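Reading through the structure tokens given below for one structure.
Numbering (UniProt numbering), first residue to last: 1 to 734.
Here it is, written out as structure tokens:
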């Protein structure tokens, strides 16, 4: 979208529509004045300082296709030396529709709130698919297609790789092009990626598995042979990678062009609220993905086929593909209305006219190059655009701060459930549920609250950066809660010996006299909780010889366990499938402070994004967001889980044994896990705090006289330009 340009070329402030100087030219000696007189529909009759277009009387929301100021014969007789009128760009279409098909009923949605609704649906679908369904079904896909963990990791990483490859191209050319078309085609590509991801289910044969058998008891261990040949269906991982690549390509315009399109078509002080609502929908998407995806996994993958194994069985594969079919179809449908939106919304021109530039001022004045209407339209300007952003220290340090926050968010979202599972001795599903209870209100509420605070206090760029700094310091203090931890539940052969004495860390001794004759295999990990309050590696390692036909609380009950003492009877005790319940008294404190950490981390996200939009020139906003996303993904999103994972792995007590090869970690030492999490959190929070401080100190706002209508602005930027112009048509309240 061509940005506006001031006729005097001062301050780099601009107007999209061509300027028509129909009134007499300024008198000699007054050419440098910035005050102007712009009237309503009846003519240029209302003088207004600072050259801001204003109506003499309230009028309906004018379509930008009509002149904002139309001269009358009386104007020709009255010498208004600063008279300006604005006419629409030639051939610009502001109606909502597809080509020549623009029915009147569609124009009801041709508003900023209509755009917000469809973009929220698109971001919700993206979050539900990529951050919800993928994480939920990855284990089922590994089991169904014989994939190893590193192969499934490549599938997950394909999304970020595609985004990094496409961000520069999409943000640069899309930012200067027709944004809704880029957005619509992106959502359509994302939908095709979801359909492609589900395709392997329909092109492979039926999933075959052994019938349910009594495994794990003493003398009855069964395991798959280690010398299995690699399955040919593992090649489907490339189809999954391509599907994820399409997800990444399609989502790239959503969080760059979508944000700037919203920002350009609403009041400056409403922009953070709109963006916050948009991002809140993106955060609620993964929560829905976990819930809906988990529900589908309780349905057997071969729908309608009779099977005698339960979802708790390690051989069970759920209907992982249903969610992708639904999300793909919904994405294809939602792309149609997005493609119908115009390049800019009717009535949005007045917000551009009223906008105050807050771009960081470079000492050499090179930031004014971005105000040229022809800047950025060709690939030749790409190096200059990158150079302008690299010379903007505020932008650079905001990107680095965003990368540190993204590292924490990516690390905590990946390993947060694992932390809760270990600390509170929960099952994986219980830990995921607990973590969902934390993330949905803290993450979603923090995201919306951040945008609301910027709007409520009408913060300028410097004030927004200070708000980000305050949030980061608050979460830094709250993260100190990881000094405390819950003790490990006692586990025979891992944390203590079978006779109850302490066992040095890293030294396993799973064999004892009570289970020596059972022939237990270490590959079969199925923890049970004995009646003595001690956990055992498996029913076999507890010496259990029988399985009760009756369930207790929905769990299997094992009997005649020779390693478990029965305090009431001389006969051996029993055990119940699953981990022993932890009675850690520190659980409420840990959960409370984790909530605070998540809340303040997400609270700074929308203010930081708003500051990024404001510290660069208007014509570089989309491209700046693209560059920021590249920095955030390459320095934060991609390495974040790796950094946190390597730190947490150092606290592992019991590793999985896959036919002599080390697999995933079964049991962590809680004290070490808390300590390493604290170290990682402190390092990244201190770095984030430092980057926000430097960004705040180096930010150089435009001088007051360069911002129309900003002469009365207070030092902290709490005044709002729109409120100083009551004669302008007011935007309806949100």
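Note that CB positions come from ideal geometry on N, CA and C, so glycine has one too. The structure displayed is predicted, hence computed values, not measured ones.
Start and end of the alpha helix (DSSP H) containing residue i?
i           : result
residue 486 : Per DSSP, residue 486 belongs to no alpha helix (DSSP H) and is neither H nor E.
residue 611 : 605–614
residue 478 : 461–478
residue 405 : 393–423
residue 442 : Run containing residue 442: none; DSSP gives neither H nor E here.
residue 628 : 621–632
residue 514 : Counting along the chain, residue 514 falls outside any alpha helix (DSSP H), and DSSP gives it neither H nor E.
residue 682 : 670–698
residue 244 : 237–251
residue 643 : 639–649
residue 737 : Absent from the model: residue 737. The displayed extent of the chain is 1 to 734, so no value can be given.
Expressed to the nearest angstrom, what Euclidean distance is found between the alpha-carbon atoms of residue i and residue j?
i           : j           : result
residue 416 : residue 617 : 38 angstroms
residue 469 : residue 604 : 8 angstroms
residue 161 : residue 176 : 24 angstroms
residue 109 : residue 125 : 20 angstroms
residue 396 : residue 157 : 25 angstroms
residue 142 : residue 152 : 7 angstroms
residue 457 : residue 199 : 50 angstroms
residue 640 : residue 477 : 21 angstroms
residue 203 : residue 239 : 11 angstroms
residue 179 : residue 265 : 12 angstroms
residue 531 : residue 562 : 12 angstroms
residue 544 : residue 311 : 23 angstroms
residue 205 : residue 297 : 19 angstroms
residue 695 : residue 154 : 35 angstroms
residue 480 : residue 285 : 30 angstroms
residue 235 : residue 138 : 16 angstroms
residue 254 : residue 383 : 24 angstroms
residue 350 : residue 343 : 15 angstroms
residue 492 : residue 402 : 44 angstroms
residue 257 : residue 263 : 10 angstroms
residue 411 : residue 642 : 8 angstroms
Would you mind sorting residue i into buried or exposed? The rule is 16 or more other CB atoms within 10 Å of its CB.
i           : result
residue 703 : exposed
residue 575 : buried
residue 381 : buried
residue 499 : exposed
residue 735 : Residue 735 cannot be examined here, being either before or after the span of the chain that is shown, 1 to 734.
residue 30  : With a pLDDT of only 42 at residue 30, under 50, the local geometry of the prediction cannot be trusted, and the value read off the model is given with reservation. Classification for residue 30: exposed.
residue 434 : buried
residue 679 : exposed
residue 98  : exposed
residue 460 : buried
residue 488 : buried
residue 131 : buried
residue 519 : exposed
residue 94  : buried
residue 306 : exposed
residue 437 : exposed
residue 335 : buried
residue 462 : buried
Does the beta-carbon distance from residue i to residue j come in below 8 angstroms?
i           : j           : result
residue 340 : residue 106 : yes
residue 207 : residue 144 : yes
residue 269 : residue 392 : no
residue 507 : residue 671 : no
residue 188 : residue 243 : no
residue 328 : residue 140 : no
residue 252 : residue 167 : yes
residue 677 : residue 345 : no
residue 338 : residue 127 : no
residue 474 : residue 644 : no
residue 276 : residue 448 : yes
residue 424 : residue 582 : yes
residue 510 : residue 541 : yes
residue 614 : residue 405 : no
May I ask which residues mark the beginning and end of the beta strand (DSSP E) holding residue i?
i           : result
residue 530 : 528–530
residue 544 : 544–547
residue 558 : 557–561
residue 500 : First-last for residue 500: undefined, no H or E at that position.
residue 575 : 573–577
Query raised in the report: Going along the chain, which unbroken runs of the alpha helix (DSSP H) with 4 or more residues stay wholly within the segment 92–128?
Result: Correct list: 112–126.
**Report entry** Sequence ranges, alpha helix (DSSP H) only - wholly within the segment 122–198, length at least 4
**Finding:** Runs of the alpha helix (DSSP H) inside the segment 122–198: 134–144, 149–175.
Requested in this report: Identify every run of the alpha helix (DSSP H) within the segment 262–338, keeping only runs that are complete inside it and at least 4 residues long; order them along the chain.
Outcome: DSSP runs (the alpha helix (DSSP H)) wholly in the segment 262–338: 271–297.
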